[in-house]
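Colleague: Numbering (my numbering), first residue to last: 70 to 429.
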Ligand code: SF4
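1. Which residues does DSSP pair with residue 162 in a beta bridge?
2. Have a look at residue 420 and residue 366 and give me their C-alpha separation to the nearest angstrom.
3. Should the region 264 to 279 be regarded as contacting the region 321 to 341, the criterion being three or more beta carbon pairs within less than 8 Å?
4. Quick check: what's the CA-CA separation for residue 249 versus residue 233?
5. Please report how far the alpha carbon of residue 156 lies from the alpha carbon of residue 245, in whole angstroms.
6. Please name the residue, chosen from 164, 94, 199, that lies closest to residue 177 on a Cα-to-Cα basis.
7. Compute every distance between the C-beta of residue 387 and the non-hydrogen atoms of the ligand SF4, then say whether any falls below 7 Å.
8. Would you kindly check if the distance between the Cβ of residue 426 and the Cβ of residue 112 is under 8 Å?
9. Rank 115, 95, 105, 94 by C-alpha distance to the C-alpha of residue 295 and give the top, closest one.
10. Does the separation of the CB atoms of residue 138 and residue 344 fall below 8 Å?
11. Using a threshold of 8 Å, state whether the C-beta atoms of residue 346 and residue 133 are closer than that.
12. For residue 257, which of helix, strand or coil comes out of DSSP?
13. Roughly how many whole angstroms lie between the Cα atoms of residue 351 and residue 211?
14. Would you check whether the ligand SF4 has a heavy atom nearer than 7 Å to the C-beta of residue 414?
15. For a test of the three-state rule: what should DSSP assign to residue 65, helix, strand or coil?
16. What did DSSP end up calling residue 370 once you bin it into helix, strand or coil?
17. Cutting at 7 Å between CB atoms, please list the residues of its own chain near residue 99, excluding the five before and the five after it.
18. With DSSP as the reference, label residue 375 as helix, strand or coil.
19. Verify the contact flag: residue 318, CB atom, against every heavy atom of the ligand GDP, threshold strictly below 7 Å.
20. Inspect the CB distances between the region 196 to 203 and the region 84 to 102 and report whether three or more fall short of 8 Å.
21. For residue 189, is the classification buried or exposed, using 16 other Cβ atoms within 10 angstroms of its Cβ as the cut-off for buried?
22. Which residue marks the beginning of the alpha helix (DSSP H) containing residue 320, and which one marks its end?
23. Taking the alpha carbon of residue 119 as the point to measure from, which residue in 140, 93, 82, 106 has its own alpha carbon closest?
24. Tell me whether residue 435 sits in a helix, a strand or coil according to DSSP, three-state version.
25. Can you find at least 3 beta carbon pairs, one from the region 404 to 415 and one from the region 366 to 376, that sit closer than 8 Å?
26. On the three-state DSSP scale, how would you describe residue 210?
27. Does the Cβ of residue 261 have 16 or more other Cβ atoms within 10 Å, making it buried, or fewer, making it exposed?
28. How is residue 70 classed by DSSP in three states: helix, strand or coil?
29. Kindly list the residues whose CB is nearer than 6 Å to the CB of residue 247, restricted to its own chain and excluding five residues on each side of it in sequence; keep chain order.
30. Please state the DSSP three-state secondary structure of residue 157.
31. If we ignore side chains and look at the alpha-carbon of each, how far apart do residue 70 and residue 378 end up?
32. With 16 other CB atoms within 10 Å as the buried threshold, where does residue 279 fall?
33. Check the DSSP bridge columns for residue 312 and list the partner residues they point to.
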């Protein structure tokens, strides 16, 4: 507890905020937090409210559920409608609306859709239900992907043949590149702490060399995030961008070597579709041919309905930082966490959900 308290000390946070004010002066700075956990933590701790108004914090595409396109959900729903099938998913996906249905609606209609807390739970279901196909919905970034890779590895070693993954895993660095080539003006990035723990700070070097922009990897406690913002303010005001690691107590230069090796053995890089951004080259993880019997997209031939985007939803612009939730006319009126229209209102890391819960 003492450990957490140290990073949540109000006086310490205010002192860092004062340093930010002194450095930023009246220079306008747009800083994007790339990670959905940061989006929620910034809102929860009221960080925006203690920053000067000339520092504009915008949210990026770092919520894996939010950036997963409708087509994937429609595919998952089509798989769920097969006989003798159990769909396993983390909780956030269940309420996300697809084109005409959601996993929650399908479950209400009798399809077997279960929330699990780990891929190991899904494997256990496969062992205990050998007459059924267990399909895990693989949605997440580099933080979640190793656990999915591990489940395929275990299934392969233990010859569990009724387990497969519908894979929509994504990696963060190519998305940064896409954002830097897009229309959003971004002066600096708060880089994701969890993802960086796996991939290591050096993974961003090729992007930084191509597009030098202020960067700082941050943890998730108030003083972690404020220290990172201070570092960015220093870089932006001095015109001297750097690839900085403010989360050195966790993130190393090379990351988690074991997790990266596992990812590389099970997955290969592939182009992937991101809600709001479109296709980003090499931004997805596909299951290697060697493990294709665990790839639900290849294992089952289902008809997927035509994809329809929710009318009026502006998740795409939210996910690229072009607008803020309050700019969407549906925010808080037709679209709320109990009646979400878009994915950004569903996920516990969604920008619209964070602004609804904690205020803009
Ligand atoms: S408020 Fe709802 S409808 Fe509007 S962008 Fe957010 S999720 Fe989409």
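Here a beta-carbon is modelled for each residue, glycine too, at the ideal position from N, C-alpha and C.
Small disclaimer: the values here were computed from a predicted structure and weren't measured.
Modeller: By the coordinates alone:
1. The beta-bridge partner set that DSSP reports for residue 162 is empty.
2. Spanning the alpha carbons of residue 420 and residue 366 requires a straight line of approximately 29 Å.
3. Taking 8 Å as the limit for Cβ pairs, the verdict is that the region 321 to 341 does touch the region 264 to 279.
4. Whole-angstrom Cα-Cα distance: 35 Å.
5. Approximately 32 Å between the Cα atoms of the pair.
6. When each option's Cα is compared against that of residue 177, the closest is 164.
7. Answer for residue 387: yes, Cβ within range of the ligand SF4.
8. Result yes, Cβ atoms of residue 112 and residue 426 sit closer than 8 Å.
9. The option with the nearest alpha carbon to residue 295 is 115.
10. Yes, Cβ-Cβ distance for residue 138 and residue 344 is below 8 Å.
11. 8 Å or more divides the Cβ of residue 346 from the Cβ of residue 133.
12. The three-state reading of DSSP puts residue 257 in strand, counting E and B together.
13. Taking the straight line joining both Cα atoms gives about 13 Å.
14. Yes, the Cβ of residue 414 comes within 7 Å of a heavy atom of the ligand SF4.
15. A question about residue 65 goes unanswered here, because the residues of the chain that appear run from 70 up to 429.
16. Coil, per DSSP.
17. Excluding sequence neighbours, residue 99 sits near 125, 127, 254, 255, 256.
18. If DSSP states are grouped into helix, strand and coil, residue 375 belongs with coil.
19. As presented, the structure is devoid of the ligand GDP, carrying the ligand SF4 as its sole ligands.
20. As far as the Cβ criterion goes, the region 196 to 203 does not touch the region 84 to 102, which means the pair count is below three.
21. Label assigned to residue 189: exposed.
22. Residue 320 -> no alpha helix (DSSP H), and no H or E assigned at all.
23. Comparing Cα positions, the closest option is 82.
24. Lying outside 70 to 429, the shown extent of the chain, residue 435 is not represented and no answer is given.
25. Counting C-beta pairs with one atom in each stretch, the region 404 to 415 and the region 366 to 376 have fewer than three that are closer than 8 Å, which means they do not touch.
26. Coil at residue 210, not helix or strand.
27. Burial call: buried.
28. The predicted position of residue 70 is uncertain, since its pLDDT is 48 and thus under 50; a value taken from the coordinates is nonetheless stated next. The three-state secondary structure of residue 70, taken from DSSP, is coil.
29. The answer, listed in chain order, is 346, 349.
30. Reduced to three states, the DSSP call for residue 157 is strand.
31. With a pLDDT of 48 at residue 70, under the threshold of 50, the modelled position of this residue cannot be trusted; read the value that follows with caution. About 44 Å.
32. By the 10 Å Cβ count, residue 279 comes out exposed.
33. Under DSSP, residue 312 forms a beta bridge with 284.
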